[in-house]
Amino acid sequence: MLSYMNRGSQFYRNVFRLSLPMIIQNLLGASLGMLDTFMVGTLGEAPMAAVTLANIPVNVVMLMTFGLQSGSSVLISQYYGKGDEDSINQVLGIGLLLGGGLELLFGCIMYFFPAQFMSLFGNDPQVIALAADYAKIVAFSFFCDTLASVYVAMNRAIERPILGTWLFTASGAANAFLNWVFIFGNLGAPRMGIKGAALATTIARVLELVIALVHAMNNKHIKLRLGRIFRPSGEMIRRFIKIGTPVLLNETLWGMGTSVYSTILGHMKGSAAILAAYAISGNIERLCTVAVFAISGAAGIIIGREIGAGRKDQVYDIGRCLNMCSIILGFIIGIPCIGLTLWVFRPYLYPLFSMAAETELICTQMCVITFAIMPLRAFNTTNVVGVLRAGGDVKMASVIDLTPIWFGAIPAAFFTGIILQLNILWVALSYQLENFIKFFMGMKRLHSGKWIRDVTEE
């Protein structure tokens, strides 16, 4: 029944080799993110809620950038399997130009209209004012982050994931250190509070871009040609639009969906406590799910490479194998983390953030619910992002990703949180409807086998 799991030790060593740098990168990033949240949290619940509020639109745009990376990676991994460096350069260039333009537009909105923009996502005047101060400073920092991230995604797609580990570790460590300097006024710097957190983030993003540029000038694994990067062919642009547009729309609309959920929380009674709990639980979740996203990333590389190399006959079973690995990993992560939430995080971690008892309870509820459905979440992430999308089935992957959140989770959360004004527990439970719907839709598509496509061919 599980014969597709018998793939030999070399296969699993390769999965581990590709996953490990991403695990380290995500683990360090999540740990430093938790440290950032802790330092801002020491300023009080209002500043922490403000950073959470400011990051609502930021997360949407970052997911749009991730969509560009994913669309690029689908093409690059398959071109890599064919050994076509010229096409890889063109795809990289399109991703850089689109991502950079998108971030410049977003930066202008954040810089010139910070208070008006932040007021769309919350109803607490104090939180909105603090969020606007933060947003104006970080406005253009994500331009640097996007250019660096698109370049890192290209390297990951050609089986060089270690760059992302070093780059984001360096920027994350710099961000944490500069937070300590500017938030609290250490080493002779002025005490800037939440503005200091924004300044630290901006400097760290610039560092990311500098490291990426230095690496690009010395890249020995693929020859970068500026002429092809900045002058892609019309055929490649059309191909990128065909493959990248569904992925970009997917991540944009999914990000908007998560922002709608955050906005629902921001308009509930006691929104400051809820947003603060949401920020902390989100960091805990990212810390505990690093391996899930690493498996998904490895799956995308392997599936794309096998299709590009013309080995389509193996792809179906490889996809099933990687999805089963993610489900098993979901149980391995989810069950212990429920125990950690109840017996470690709540009595020992939460008090470090100086939260009220109500905020601690909300955070605990959110974490327990998240970890209880972790096997489904792990399967959905690997199946949609790693298997179906890398297999070339970008349109159906988008349908599977978007339908559950927009037609299931968001209406349920709005009904329970805004219409019925129920306790946050019921709102958090209703939002997880997304994972159940997505699981059954994704499982059906996986077993159909219709998702295996070579997108580099006409």
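In the working numbering, the protein residues as written are -4 to 453.
Where a beta carbon is used, it is the ideal one built from N, C-alpha and C, also for glycine.
Measuring alpha carbon to alpha carbon, tell me which of K445, I419, M0, I224 ends up nearest I269. It is I419 whose Cα lies nearest to the Cα of I269.
Alpha carbon to alpha carbon, how far is L87 from E98? Give it in angstroms, no decimals. Computed Cα separation, rounded: 16 Å.
Cα-Cα, which of L70, Q73, L63, S114 is closest to G96? Closest by alpha carbon: L63.
With distance defined between alpha-carbon atoms, name the residue in Q309, L356, I275, S321 nearest to I290. Closest by alpha carbon: S321.
Looking only at C-alpha atoms, which of G303, M319, W421, N378 sits nearest to L(-3)? The residue with the shortest Cα to Cα distance from L(-3) is M319.
For Q111, which three-state DSSP category applies? Correct three-state label for Q111: helix.
Alpha helix (DSSP H) runs wholly inside the region 115 to 184, at least 4 long, in chain order: Runs of alpha helix (DSSP H) with 4 or more residues, each lying fully within the region 115 to 184, are found at 120 to 133, 136 to 152, 157 to 179, listed in chain order.
Between which two residues does the alpha helix (DSSP H) carrying Y74 extend? Unbroken alpha helix (DSSP H) run through Y74: 40 to 77.
Cβ distance (whole Å) where V55 is taken to contact G250 below 8 Å: V55 to G250, Cβ: 4 Å. Contact.
Return the CA-CA distance between G76 and G412, expressed in angstroms with no decimal places. Cα to Cα, G76 sits roughly 48 Å from G412.
Note down the Cα distance separating I460 from F366, rounded to an integer number of angstroms. The requested residue 460 does not occur in the structure, where the chain is confined to residues -4 to 453.
Proximity below 9 Å, CB of C69 to CB of V287: Residue identity differs from the one stated: residue 69 is Val in this sequence, not Cys. No; because the gap between Cβ atoms is not below 9 Å, this pair is not in contact.
Cβ contact check for the region 245 to 259 and the region 172 to 188: 3 or more pairs under 8 Å: As far as the Cβ criterion goes, the region 245 to 259 does not touch the region 172 to 188, which means the pair count is below three.
Endpoints, alpha helix (DSSP H) assigned at F435: Residues 428 to 443.
Could you check if L521 is buried or exposed, using at least 16 other CB atoms within 10 Å of its CB as the buried criterion? Residue coverage of the chain in this structure runs from -4 to 453, which leaves residue 521 outside it and unanswerable.
Pull up the CB-CB distance for A294 and L324, whole angstroms please, since I reckon it's below 8 Å. With a Cβ gap of about 12 Å, A294 and L324 do not count as contacting.
Near A193, what residues of its chain come up, given a Cβ to Cβ distance below 6 Å and the 5 sequence neighbours on each side ignored? Only Y129, I132, V133 meet the Cβ criterion.
What's the gap between the Cα of F435 and the Cα of V285? Distance from the CA atom of F435 to the CA atom of V285, rounded to whole angstroms, is 24 Å.
Is D396 helix, strand or coil when you go by DSSP? DSSP places D396 in helix when its eight states are reduced to three.
Any 3 or more C-beta pairs closer than 8 Å across the region 344 to 351 and the region 382 to 389: The region 344 to 351 makes no contact with the region 382 to 389: fewer than 3 CB pairs, one atom from each, lie closer than 8 Å.
Can you tell me where the alpha helix (DSSP H) with L417 in it begins and where it stops? Counting along the chain, L417 falls outside any alpha helix (DSSP H), and DSSP gives it neither H nor E.
Would you kindly work out how many angstroms separate the C-alpha atoms of M105 and A127, rounded to a whole number? The C-alpha of A127 is placed about 8 Å away from the C-alpha of M105.
Using 9 Å as the threshold, is the C-beta distance between A44 and G90 below it? Using a Cβ distance threshold of 9 Å, A44 and G90 do not count as a contacting pair.
Within 10 Å of its beta-carbon, does S257 have 16 or more other beta-carbons around it, so buried, or fewer, so exposed? Buried: at least 16 other Cβ atoms inside 10 Å.
Range of the contiguous alpha helix (DSSP H) that encloses H210: For H210, the enclosing alpha helix (DSSP H) starts and ends at 189 to 212.
Check the C-beta distance from I368 over to P399 and give it rounded, since I have them as a contact under 8 Å. Rounded to the nearest angstrom, the Cβ distance from I368 to P399 is 13 Å, too far for a contact under 8 Å.
Spatial distance of L38 from S276 (CA atoms): When rounded, the distance between both Cα atoms is 18 Å.
Would you decide whether R223 is buried or exposed? Buried here means 16 or more other CB atoms lie within 10 Å of its CB. Its Cβ being crowded by 16 or more others within 10 Å, R223 is buried.
My understanding is that R151 touches G292, with C-beta atoms under 8 Å, so please give their C-beta distance in whole angstroms. About 7 Å separates the two Cβ atoms, so the contact holds.
Among the residues of its own chain, which have a CB less than 8 Å from the CB of L204, if the five just before and after it don't count? Sequence-distant partners of L204 (beyond 5 residues in either direction) whose C-beta falls short of 8 Å from its own C-beta, in its chain, are C139, D140, L142, A143.
With burial defined as no fewer than 16 other Cβ atoms inside 10 Å of the residue's Cβ, what is the status of Y343: buried or exposed? The residue is exposed, with fewer than 16 neighbouring Cβ atoms inside 10 Å.
Segment limits, alpha helix (DSSP H) that includes N378: Membership of N378 in any alpha helix (DSSP H) is not indicated, and neither H nor E is assigned to it by DSSP.
For M113, collect the residues of the same chain with a Cβ closer than 7 Å to its Cβ; drop the 5 residues on either side in sequence, then sort them by chain order. The beta carbon of M113 sits closer than 7 Å to those of L48, A49, I123, A126, A127, A130, all from its chain and outside the five residues before and after it, given in chain order.
Beta-carbon proximity of D81 to R220, cut-off 9 Å: For D81 and R220, yes; Cβs fall inside 9 Å.
Return the CA-CA distance between C283 and C332, expressed in angstroms with no decimal places. If you take the alpha carbons of C283 and C332, they lie about 8 Å apart.
Please name the residue in I178, V310, F409, P227 whose C-alpha comes closest to that of M34. Looking at the Cα atoms, I178 is the closest of the given residues.
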